[in-house]
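Reviewing the structure listed below.
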Amino acid sequence: MTKLQRLHDEQGQSPWLDNINRGYLRDDALGRLVDNGIHGVTANPTILARAIGGSADYDEQFLALSASGYSVVAAYWELVIADITDALAVLRPLFDVSAGADGFVSLEVAPELAHDKTATIIAARDLHERIGQPNLLVKIPATPEGVSAIEAMTAEGRSINVTLLFSLTRYAEVIDAYLSGLETFVAGGGDPSRVHSVASFFISRVDTEVDRRLGTAGGGEAEALRGHAAVAQAKLAYQMFSERFSSAKWDRLARMGANRQRPLWASTSTKNPAYRDTLYVDSLIGPGTINTLPETTIAVFEDHGTLSRTIDTYVEEAGEVMRRLGGVGIDMDDVGLTLERQGVDAFGESFRGVLAVLAAKLPAAALR
Numbered sequence: 003m004t005k006l007q008r009l010h011d012e013q014g015q016s017p018w019l020d021n022i023n024r025g026y027l028r029d030d031a032l033g034r035l036v037d038n039g040i041h042g043v044t045a046n047p048t049i050l051a052r053a054i055g056g057s058a059d060y061d062e063q064f065l066a067l068s069a070s071g072y073s074v075v076a077a078y079w080e081l082v083i084a085d086i087t088d089a090l091a092v093l094r095p096l097f098d099v100s101a102g103a104d105g106f107v108s109l110e111v112a113p114e115l116a117h118d119k120t121a122t123i124i125a126a127r128d129l130h131e132r133i134g135q136p137n138l139l140v141k142i143p144a145t146p147e148g149v150s151a152i153e154a155m156t157a158e159g160r161s162i163n164v165t166l167l168f169s170l171t172r173y174a175e176v177i178d179a180y181l182s183g184l185e186t187f188v189a190g191g192g193d194p195s196r197v198h199s200v201a202s203f204f205i206s207r208v209d210t211e212v213d214r215r216l217g218t219a220g221g222g223e224a225e226a227l228r229g230h231a232a233v234a235q236a237k238l239a240y241q242m243f244s245e246r247f248s249s250a251k252w253d254r255l256a257r258m259g260a261n262r263q264r265p266l267w268a269s270t271s272t273k274n275p276a277y278r279d280t281l282y283v284d285s286l287i288g289p290g291t292i293n294t295l296p297e298t299t300i301a302v303f304e305d306h307g308t309l310s311r312t313i314d315t316y317v318e319e320a321g322e323v324m325r326r327l328g329g330v331g332i333d334m335d336d337v338g339l340t341l342e343r344q345g346v347d348a349f350g351e352s353f354r355g356v357l358a359v360l361a362a363k364l365p366a367a368a369l370r
């Protein structure tokens, strides 16, 4: 049994693959990863840009679409939806056998829509309707406009992966949006058991930004806090999850079959080489959670990762870390807003970059 399988079976955490590309689908590499314990797949604009821009696997379909009159943007979405649809088929048996607990594939709306509630709603609805599979999660970033769109989509009974989540304050808003959306859906006669959602907390980026600020603050206390913020915040997020999804409000929805919105730990590869390479896996293991892992992190976790429940250990110490961070001038809400802006900008850059790469593949005649 692999460690990924044990992570799920013994610890109640679902490991998902943080990658997708056409080669994985053509040679059944994704199927083999599922056999070895992967329970879902996530994609984002940067992952998709790397897949499409770094391979010739998409050229034939792209050129055929272009010759049929598709714009570069429209062709891009056709390429992406083809991969996502194939991945959904690979994961569908797992979705069925788990009664909808696992087997999801996530696809994000265009990053340029992050601050446009109405356009995000239209795009998320369109992706759900075009793909039409129950194990699809459409990703919407947790910007203020995105949170409103998440509530609206949940109220329509659509399954959403809340992405680019960096702070406890925003997480509380995301939970409220999910619960309010479910209540609206149920009030209209909807079946909440068919609605799924995850809340994707980005982990390593928090330490990267906090460590930068600690370096600016200087001093022994600031130095001692380096590398502790991300795990501490995630542990407190899990406490919030546990409390909010055991409330009287939640119990009413649960009795009607509603599914909890599980916390998902994203960006779990270690960015600082001084930190343990399995830090953001070993430290965040616990039931009812998901960890999305790139292949390199899967490899190091299988080699020397530690399997034990850690998400709800040292919680008081996690709270103390947050208080100490405030004491040296680190505003975690401001950290979250900074990372949110950076995340939206980075995904936007990736999206524009892959469109430029595709445009460069067009014959000169197509550009006239």
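The opening position of the sequence shown corresponds to residue 3 in my numbering, with each subsequent residue numbered one higher.
From the three backbone atoms N, C-alpha and C, an ideal C-beta is built for every residue, glycine too.
Residue state for Glu110 is assigned as strand, using DSSP reduced to three classes. Inter-residue distance for Leu184 and Ser73 is about 37 Å (C-alpha atoms, whole angstroms).
Judged by pairs of C-beta atoms under 8 Å, the segment 344 to 352 does not touch the segment 242 to 258, as fewer than three such pairs exist. Counting along the chain, Gln63 sits inside the alpha helix (DSSP H) bounded by residues 61 to 69. If you look at Arg264, you'll find it in the beta strand (DSSP E) that goes 264 to 268. Take the alpha-carbon of Asn23 and the one of Gly220: they are about 43 Å apart. The C-beta distance from Ser206 to Thr272 rounds to 6 Å, short enough to fall under 8 Å.
Assignment of Gln235 by DSSP, reduced to helix, strand and coil, places it in the helix class. Note that the C-beta distance between Ile142 and Thr171 is not below 8 Å.
The residue among Asp284, Val188, Asp193 with its C-alpha nearest the C-alpha of Val233 is Asp284.
When the beta-carbon positions are compared, Ile162 and Ile133 stay at least 8 Å from each other. For Ala125, same chain residues with a beta-carbon under 7 Å away, outside a window of 5 residues either side, are Val111, Ala112, Leu115 in chain order. A direct Cα-Cα distance of roughly 52 Å separates Lys251 from Glu62. Under DSSP, Asn163 takes part in a beta bridge, and its partners are Lys141, Val200.
Listed in chain order, the beta strand (DSSP E) runs fully inside the segment 252 to 339 are 264 to 268, 291 to 295, counting runs of at least 3 residues.
Counting along the chain, Pro17 sits inside the beta strand (DSSP E) bounded by residues 15 to 19. Taking a C-beta distance under 8 Å as the contact criterion, Leu167 and Ser202 qualify as a contact pair.
At the C-beta level, Ile152 and Ala179 come within 8 Å of one another.
Its chain contains Ser68 as the residues whose beta carbon lies nearer than 7 Å to that of Leu364, once the 5 sequence neighbours on both sides are disregarded; these appear in chain order.
Here Val43 is bridged, per DSSP, to Leu19, Val107. The straight-line gap separating the alpha-carbon atoms of Gly192 and Phe106 is approximately 21 Å.
The segment 43 to 56 makes contact with the segment 13 to 23; the number of CB pairs closer than 8 Å reaches 3 or more.
Assigned with DSSP and collapsed to three states, Asp178 falls in helix. Inter-residue distance for Gly42 and Phe204 is about 17 Å (C-alpha atoms, whole angstroms). Proximity of the segment 90 to 106 to the segment 23 to 40 meets the contact definition, three or more beta-carbon pairs being nearer than 8 Å. Going by DSSP, Tyr26 is part of the alpha helix (DSSP H) stretching over 24 to 28.
Ranked by how close their Cα comes to the Cα of Val82, the residues Asn46, Thr294, Ala66, Ala144 have Asn46 in first place.
The beta carbon of Thr280 lies closer than 6 Å to those of Val302, Phe303, Gly307 in the same chain, with the five residues before and after it left out. For His130, the enclosing alpha helix (DSSP H) stretches over residues 119 to 133. The closest CA to that of His130, considering only Asn274, His198, Gly71, Ile40, is found on His198. When the beta-carbon positions are compared, Gly159 and Arg127 stay at least 8 Å from each other.
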